[in-house]
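If you read the sequences in order, they're chains H and P. Heads up, the first sequence is in my numbering, so the first residue is 1 and it goes up one at a time. Heads up, the second sequence is in my numbering, so the first residue is 1001 and it goes up one at a time. Think of the CB as a built atom: it goes at the ideal place given N, C-alpha and C, for glycine as much as any other residue. Below is one structure, written out as structure tokens; comments come after it.
Number of protein chains: 2
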Amino acid sequence: MSDIDLIIQRLELRGHRVTQSRRRVLDAVLAQPAHFTVDDVLRATRAPRRRQPPVGRATAFRTIRLLLDLNVLCRILLDDGTLHYRLSTRGHHHHLVCRDCGRVEDFTQCDVEPLVRELAEAMEYDIDAHWLEVYGRCRACRQPTKEPARVR
Amino acid sequence: MSDIDLIIQRLELRGHRVTQSRRRVLDAVLAQPAHFTVDDVLRATRAPRRRQPPVGRATAFRTIRLLLDLNVLCRILLDDGTLHYRLSTRGHHHHLVCRDCGRVEDFTQCDVEPLVRELAEAMEYDIDAHWLEVYGRCRACRQPTKEPARVR
DNA sequence: TGACAACTGATACTAGGTCTCACTACACTG
DNA sequence: CAGTGTAGTGAGACCTAGTATCAGTTGTCA
Chain H
1 MSDIDLIIQR LELRGHRVTQ SRRRVLDAVL AQPAHFTVDD VLRATRAPRR RQPPVGRATA
61 FRTIRLLLDL NVLCRILLDD GTLHYRLSTR GHHHHLVCRD CGRVEDFTQC DVEPLVRELA
121 EAMEYDIDAH WLEVYGRCRA CRQPTKEPAR VR
Chain P
1001 MSDIDLIIQR LELRGHRVTQ SRRRVLDAVL AQPAHFTVDD VLRATRAPRR RQPPVGRATA
1061 FRTIRLLLDL NVLCRILLDD GTLHYRLSTR GHHHHLVCRD CGRVEDFTQC DVEPLVRELA
1121 EAMEYDIDAH WLEVYGRCRA CRQPTKEPAR VR
């Protein structure tokens, strides 16, 4: 079953209609690179080679929000402080982002847990969430000979 | 030496002028709770009891940005995804934020390092930065008898 | 077929932030 | 002490990301 079918299934399962507009946003989302903004998606739905009517801005934002609620997308915090969107891997995960090419690796072996437990004890907090993003340069971008393959 | 004098010293050291407007923004920043927005600061400079002329919006934003550059302030990511500002403790640190009262604890015993090293090896990334925010409820806010002391 | 709810898109609005530009106020130089 | 150049200022236009409103459209089910 393809990505798009899985997402459509998830939409229907939650009682949402799968309309033409939503399908167009979905298509555009799946065609995006590692991470993107809502305007990137909007632009993609409006690309001249797509012979479909464009999607309204409000609808694009609404659909992205819906996909976020369904955990189809997640948000990713770039090192400049801007929030982008990204197709989400299932469950709790974090991002390792290459500053140069924008490539993103998801990682789940989230060994922040001991730290969080320690912190909870020391500070007497009930801790229920955390956010961790890691930034660096991937192997390809460190090789000076090759042109970095810009993912975004 | 007081906080404000230290900051002023840092400004001068970097060749910035210490003008009336900057002093007013600084006063307002130091009077803020755990974390704040630029508009909070603006409102504070315009509070009726202050008999000083108000600071322009652009100047407030410029000054906050300057203080950010000087590491006087840091940004803090709230769990709703909004970025606020906060007086920065020196050096690399993270935030533990109480969702209820907004209280913030800074922590530096940042044992993310082993995780980061492991990640660097596994993914073949040069890792140079990370961002970690932790959310929970502080002791005071967990006690049902007392009204939580709202820090912000 | 009708009715109702979900959805859509245009548009206005908000928050947070930058840009521009004419003006002001420092601080150095002669 | 005057002149001058530069840093800083404030008003306001503008930008980006996102939400609210609302009349009109579409899909679904009885």
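Beta carbon of L1077(P), beta carbon of V1029(P): below 9 Å?
Going by C-beta atoms, L1077(P) is not nearer than 9 Å to V1029(P).
I think H1095(P) touches D1106(P), with their Cβ atoms under 8 Å apart; what is that distance to the nearest whole Å?
Going by Cβ atoms, the distance from H1095(P) to D1106(P) rounds to 6 Å, so yes, they are a contact pair.
Using alpha carbons as the reference points, say which of L70(H), A120(H), D100(H) and R65(H) lies closest to A34(H).
Here the closest residue by C-alpha is D100(H).
Report yes if the C-beta distance between V1112(P) and L132(H) is below 9 Å; otherwise report no.
For V1112(P) and L132(H), yes; Cβs fall inside 9 Å.
Which bits of chain H does L1013(P) rub up against, with CB to CB less than 9 Å?
None at all; the shortest Cβ gap to chain H is about 26 Å.
Taking buried to mean at least 16 other C-beta atoms within 10 Å of its own C-beta, is R103(H) buried or exposed?
Burial call: buried.
Can you find a C-beta in chain H that's less than 9 Å from the C-beta of L1073(P)?
No, no contact with chain H.
Can you grab the Cα-Cα spacing for the pair I4(H) / L26(H), in whole Å?
Distance between the alpha carbons of I4(H) and L26(H) is about 7 Å.
For G102(H), return the contacting residues in chain P, with the cut-off set at a CB-CB distance below 9 Å.
Simply none; closest approach about 13 Å.
In three-state terms, what does DSSP make of L96(H)?
Three-state DSSP puts L96(H) in a strand.
Output, in sequence order along the chain, the residues in the region 129-147 of chain H whose CB is closer than 8 Å to any CB in chain P.
Within the region 129-147 of chain H, the residues whose Cβ lies closer than 8 Å to some Cβ of chain P are A129, H130, W131, L132, E133, V134, Y135, G136, R137, C138, R139 and R142, listed in chain order.
Just to confirm, are C1074(P) and R1086(P) a CB contact at a threshold of 9 Å?
Their beta carbons are under 9 Å apart, which means C1074(P) touches R1086(P) by this criterion.
When you check each C-beta in the region 102-121 of chain H against every C-beta of chain P, which residues fall closer than 9 Å?
Correct list: E105, F107, Q109, C110, D111, V112, P114, L115, V116, E118, L119 and A120.
Taking the alpha helix (DSSP H) that E118(H) belongs to, which residues open and close that run?
From DSSP, the alpha helix (DSSP H) with E118(H) extends over E113 to M123.
How many Å lie between V18(H) and R51(H) at the Cα?
Taking the straight line from one Cα to the other gives about 19 Å.
Excluding the five sequence neighbours on either side, which residues of its own chain have a C-beta within less than 7 Å of the C-beta of T89(H), listed in chain order?
Only D106 meet the Cβ criterion.
Please state the DSSP three-state secondary structure of D27(H).
Residue state, collapsed to three classes: helix.
Compute the distance between the beta-carbons of P1054(P) and T1063(P), then report whether it is under 9 Å.
No. Outside cutoff.
Kindly indicate which three-state DSSP category D80(H) falls into: helix, strand or coil?
If DSSP states are grouped into helix, strand and coil, D80(H) belongs with coil.
Does the beta carbon of Y125(H) sit closer than 9 Å to a beta carbon anywhere in chain P?
Closer than 9 Å to some Cβ of chain P, the Cβ of Y125(H) qualifies, so yes.
Quick check on R99(H) - is its C-beta less than 9 Å from some C-beta in chain P?
Closer than 9 Å to some Cβ of chain P, the Cβ of R99(H) qualifies, so yes.
For G91(H), return the contacting residues in chain P, with the cut-off set at a CB-CB distance below 9 Å.
None at all; the shortest Cβ gap to chain P is about 18 Å.
Find the nearest neighbour of V134(H) within the set A120(H), D79(H) and E121(H), judged by alpha-carbon distance.
Of A120(H), D79(H) and E121(H), the residue nearest in Cα terms is D79(H).
Nearest chain P C-beta to D79(H) closer than 9 Å, yes or no?
Chain P, which has a Cβ nearer than 9 Å to the Cβ of D79(H), makes this yes.
My output table needs one value for R51(H): the three-state DSSP class, helix, strand or coil.
Note: R51(H) maps to coil in three-state DSSP.
Does the CB of L70(H) have a neighbour CB from chain P at under 9 Å?
Not one chain P Cβ lies under 9 Å of L70(H).
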